[in-house]
Amino acid sequence: MVLQDTRTPERRLEIMRDSHIGAIGAAGLFLFLIIEYVCLNSIPDKYLPFTLLLAPVVSRWAMIYAIFVFPYARPDGLGKAFKQAVGRSEFLIATFLTLLLAVILFPTAGPVIAAGTWIVISLAALYIKRQIGGLTGDTYGAINEIALITVLLVINMLAFNHWLL
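Going left to right, the sequence shown walks through residues 207 to 371 as this note's numbering numbers them.
Below you can see the structure in the form of structure tokens.
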């Protein structure tokens, strides 16, 4: 029996084309849901409505950032259409609106939440790029989920240290 090397970018992209979820994917999904649940239940009630508005906006912005900044890994695919549709103006508008909402909802901490998410997403996207040579539609979705959890974690950390205003 010959084992294929799963360490090449081509093999990783081939594995990602498979629509079946494996044990690691199922465990990752379960962990994501548990982390999200715990984070949402830990946020103080007075900040929860603002968090529920900001978290999805920042996580969608993170996808736009990743689409705009990082190369696409495949010659084709569903994510390619998004890559072609996001230009400088779309990125700048999304960034402005996201930061505006962050500052409106959390005047002092909004920029910290956005910056913390940007750092985590940049590191995640760089890691993915290194592994497969770019990003794909699947990885855009992963970026969205990583950003969502990051926003929730940062808000929790700020709230419990009494830095959230």
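C-beta: ideal position from N, C-alpha, C; glycine also.
Whole-Å CB distance - residue i paired with residue j, under 8 Å assumed
i, j, result
"I319", "V275", "In fact, because the Cβ distance is near 20 Å, the residues do not count as touching under 8 Å."
Proximity to residue i [Cα-Cα], best of the options
i, options, result
"A279", "W369, I334, A353 and F366", "I334"
"T356", "K286, E296, G231 and V264", "V264"
"S225", "N367, A330, A365 and G343", "G343"
"T323", "R217, R213 and L358", "L358"
"W267", "I352, F366, H368 and N367", "I352"
"M363", "R223, G228, F238 and Y253", "Y253"
"H368", "A315, I240, L354 and F236", "A315"
"F374", "G234, A229 and P250", "Because the chain here runs from 207 to 371, residue 374 falls outside it and cannot be looked at."
"I327", "I338, M269 and Q290", "M269"
"A331", "F288, D282 and Y346", "Y346"
"S295", "L341, N247 and I273", "I273"
Outcome for residue i when other beta-carbon atoms lying within 10 angstroms are tallied against a minimum of 16
i, result
"V244", "exposed"
"N350", "buried"
"L284", "exposed"
Opposing strand residues paired with residue i [DSSP bridges]
i, result
"L235", "BP columns for L235 are empty, so no partner."
"L341", "Y278"
_Under 8 Å: do the stretch 310 to 328 and the stretch 254 to 270 share three or more Cβ pairs, one atom per stretch?_
yes
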